[in-house]
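Take a look at the structure below.
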Ligand SMILES: Cc1cc2nc3c(=O)[nH]c(=O)nc-3n(C[C@H](O)[C@H](O)[C@H](O)COP(=O)(O)OP(=O)(O)OC[C@H]3O[C@@H](n4cnc5c(N)ncnc54)[C@H](O)[C@@H]3O)c2cc1C
Ligand code: FES
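Residue numbers (our numbering), protein chains in the order written: chain A, 1244 to 1648; chain B, 87 to 599.
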């Protein structure tokens, strides 16, 4: 017998009966409930689904030339409905099928969040002649075509709880796009902060969004733009590269957050400039690094693999493939070249969307784009967009996800 | 068509445990998961130099190096998962106003029965006996549970009456009634009830049996966290599954369950193809599965009624914060602090129905227990509140970001005020998860994390007592928070393990004809 004895009712025996009766009580509750058909989706899930679609079908509403080598594509939701509201600065990952290759590229949404209600996002695609996708888009996309993309992604957006009231945005070339979105968002009262964009271009003629930037600045006293020309010296423009001094000059004495978006070379240059400012990490935020195209220039690269081709064994949802993989390109690119459809979004090692199991072999992962979770390192999980084969390799890759009920 | 002995739908804690158990028994098992990661709720994500724990505050039933809890036995001994972690030395600190509406409560309760009892006596002089008895009753409950398991649920009533009379007498009551019967001082009841939010049922409906069981386990075996977040635990289970021959398809959703002429499961249709199987262990929510994935004629009317009678439980709201100062520098010493407006859980539960009224919250600072949880000179704090209603369904998308931040600001302000600390200027990374976020990542109905409300008629004990009739569709069993033992890592793992064992014995019977 236990040493303590409690009862709740007056008679312990009845308490016990009550215990024994629990199934009866439960059955009674079940019996009393209606047999109306069960609801297959709840309102919160509906809201979430509309806000976080896995993919969106667009139709190209128009394409506008923007500066000498950029085009702005106006995407309209195919069913005419509203698009998910995004945080200005976010991007979409656009599916680009080219021949048998199924690849994706990220483009910042450069229009106002207000247009999302009308089912419209703008993206701007700058031509990079050495690239695979941007010339293809520029030469092939036309009005009326269907485009499939992810929902809004990414973390380069203003967070009032975290960021300083003033943001100094450092933009290079097409890196202006997230800040266009932010400028419109401020103008249209979706965001509330001071935005000073220091915008680097080669020449005055090469400036994208010149007119639009001028217009937003005129319409809204919280947005300022400083143009910096690297290849031209002109009155009314700063000259050279974006430097610590320039940031100091326009950042002022108070607290400010730096947001950066531009080519990798710009980040590499700015890293040392920004270091001179002695800012805390929280005040320096950068857009995705982008896919690394020169792994051999990254610290730790095993020089002997450069130029070699390995066998890549891919397991994907019950199917298996053997494909060639160049040590100069990521495992993701190898899969795409071979016509496999794999999950991809940021292509910078950051978002984890391409999280896969390394079954065997060695890979090289540049430190700059190593966004793995700690336990992944113990258990051999990798992000294939930022892993380069260093031997024959076998991986288990997830499917590209689709929306379901 | 590929054929499997069993298919597990969903790789949350429940699904992972079920999958491990099946693979360990040598069964050809397929695990499918709609997301690209294992874990469901139990995961992690990275922002900048921080990795955030998505859910876990305290893992229950883990134990110490000398004394293994049942959950640890399953995961470490049985599944062979190698895990490193820290024991949480304190169960909780609670800062609130007593249910009398006046008395201020600020109490810190250490793990271990004796230290816990001593601390309670310090805060509420004269309560010692009732707390001691509470733990004695807890021990009795625990032994009754072990006995029941040892005889496979076929308990002998006379034996039960003789050895576990409190279990039988108190087991059907809510905690408020039993605490009163035990003559526990009201202030002590207020403190002892602190963990109600872990089950999201207020004291007037919260099963004394289930609650005591949970508190007893937390205090007796201590609480535990893995060093590298829940992702270490769930990836560890996934790897054990793979090692034993299990196959996994990620980014793959089950869309339809297939049945034969006898209304028994014969396969699953997924977004990555159709597979044949006679046994499904399902970690996806039963209501959703019955409604969307089964033809109506195979779903017994009783299941429709049962699920119409149930309410979803605990829609989560979490603010994840990475700070660029150490916990010490910021004066953060407590691991987990409960800060409801009032110790009156009935009132708090009501306030949890709307965004406007919900001022409840629990904070966790991981670095106070694991100093290496984030880079040197930084620390991670998460602020969590649960919603007992579906107000987030009323938020218009246009107001979503504003509502999110309004709620996050409320929690940050309260955290600073209640603990007398300043964290705002040091926020380097912040992410806010709402019930919408939960819907997106785990796809539970209404963004709930605890399955169905464990209140009164549908609490753990009656669910367990009726396990035999709980899964009437042949070949389809549900595991995880919505299953027989309710929410929590340990309970989800328990249900996965238990129902996989049940499936194994059914398979054996089938083989033997
Ligand atoms: C913020 C927060 C804090 C918490 N704190 C704690 C704590 O401190 N201690 C504790 O013990 N518990 C805690 N919990 C509760 C605990 O996390 C859950 O109760 C438990 O993890 C639930 O496990 P589950 O097995 O039900 O799986 P779930 O996590 O619900 O996972 C179900 C899985 O199934 C997948 N799925 C769904 N539908 C399909 C389909 N059709 N096809 C394929 N896959 C599908 C989902 O993607 C998901 O991965 C917390 C939860 C949250 C959210
Ligand atoms: S696509 Fe984002 S990490 Fe690979």
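Idealized CB from N, CA, C, for every residue including glycine.
| Query | Result |
| --- | --- |
| Extent of the continuous beta strand (DSSP E) run through residue 1554 of chain A | 1552-1559 |
| Neighbouring residues, chain A, relative to residue 487 of chain B (Cβ below 8 angstroms) | 1328 and 1330 |
| Nearest-angstrom Cα separation, counted from residue 1449 of chain A out to residue 1302 of chain A | 28 angstroms |
| Residue environment, residue 509 of chain B, which counts as buried when at least 16 other CB atoms sit within 10 Å | buried |
| Chain-ordered chain B contacts of residue 1556 of chain A [CB-CB under 7 angstroms] | Ordered by position in chain B, no residue passes the 7 angstroms Cβ test against residue 1556 of chain A, which lies about 15 angstroms from the chain. |
| Heavy atom of ligand 1 within 8 angstroms of residue 128 of chain B beta-carbon | yes |
| Simplified DSSP assignment, three categories, for residue 602 of chain B | Shown here, chain B extends from 87 to 599; a query on residue 602 of chain B therefore has no answer. |
| Alpha-carbon spacing of residue 1455 of chain A relative to residue 533 of chain B, whole angstroms | 41 angstroms |
| Cβ contact (3+ pairs, closer than 8 angstroms) linking the stretch 426-433 of chain B and the stretch 293-304 of chain B | no |
| Selection from B/207, B/216, B/210 and B/555 that minimises the alpha carbon distance to residue 386 of chain B | B/555 |
| Residue 1609 of chain A: CB within 8 angstroms of a non-hydrogen atom of ligand 2 | no |
| Chain-ordered chain A contacts of residue 395 of chain B [CB-CB under 7 angstroms] | 1272, 1273 and 1276 |
| Complete runs of the alpha helix (DSSP H) confined to the stretch 1278-1325 of chain A [at least 4 residues] | 1286-1294 |
| Residue from B/521, B/256, B/592 and B/115 whose Cα sits closest to the Cα of residue 479 of chain B | B/521 |
| 9 angstroms Cβ cutoff, residue 196 of chain B in contact with chain A | no |
| Any chain A beta carbon closer than 9 angstroms to residue 317 of chain B | yes |
| Residue span of the alpha helix (DSSP H) that contains residue 394 of chain B, given as start and end | 387-395 |
| Cβ pair count under 8 angstroms reaching 3, the stretch 279-293 of chain B against the stretch 535-545 of chain B | yes |
| Residue 1640 of chain A (DSSP reduced to helix, strand or coil) | coil |
| The stretch 311-319 of chain B in contact with the stretch 127-141 of chain B per 3-pair CB rule at 8 angstroms | yes |
| Whole-angstrom distance between residue 1414 of chain A and residue 1483 of chain A, CA atom to CA atom | 14 angstroms |
| Residues of the stretch 251-285 of chain B whose Cβ lies closer than 7 angstroms to any Cβ of chain A, in chain order | 251, 252, 254, 255, 256, 257, 258, 259, 263, 264, 267 and 268 |
| Proximity test, residue 120 of chain B beta-carbon vs ligand 1 heavy atom, cut-off 8 angstroms | yes |
| Test: residue 1551 of chain A CB closer than 9 angstroms to a CB of chain B | no |
| Backbone secondary structure at residue 1589 of chain A - three-state DSSP | coil |
| Rounded Cβ spacing between residue 1573 of chain A and residue 1629 of chain A (contact assumed at less than 8 angstroms) | 6 angstroms |
| Simplified DSSP state of residue 1565 of chain A, which is helix, strand or coil | strand |
| Cβ-Cβ separation, residue 1328 of chain A to residue 1291 of chain A (assumed contact under 8 angstroms), whole Å | About 13 angstroms; that fails the 8 angstroms criterion. |
| Segment limits, beta strand (DSSP E) that includes residue 264 of chain B | Counting along the chain, residue 264 of chain B falls outside any beta strand (DSSP E), though it belongs to the alpha helix (DSSP H) covering 261-267. |
| Beta-carbon proximity check, residue 278 of chain B vs residue 206 of chain B, cutoff 9 angstroms | yes |
| Cβ separation of residue 118 of chain B and residue 335 of chain B, assumed to be a contact under 8 angstroms, to the nearest whole Å | 5 angstroms |
| CA-to-CA distance, residue 1294 of chain A to residue 492 of chain B, given in whole angstroms | 19 angstroms |
| Cβ-heavy atom distance, residue 1300 of chain A to ligand 4, below 8 angstroms | The ligand content of the structure shown is limited to ligand 1 and ligand 2, which means ligand 4 is not among them. |
| Residues near residue 1207 of chain A by beta carbon distance below 7 angstroms, same chain, minus five either side | Any question about residue 1207 of chain A goes unanswered here, given that chain A covers just 1244 to 1648. |
| Alpha carbon of residue 195 of chain B to alpha carbon of residue 176 of chain B, nearest angstrom | 6 angstroms |
| Residue(s) in a DSSP beta bridge with residue 310 of chain B | B/145 and B/173 |
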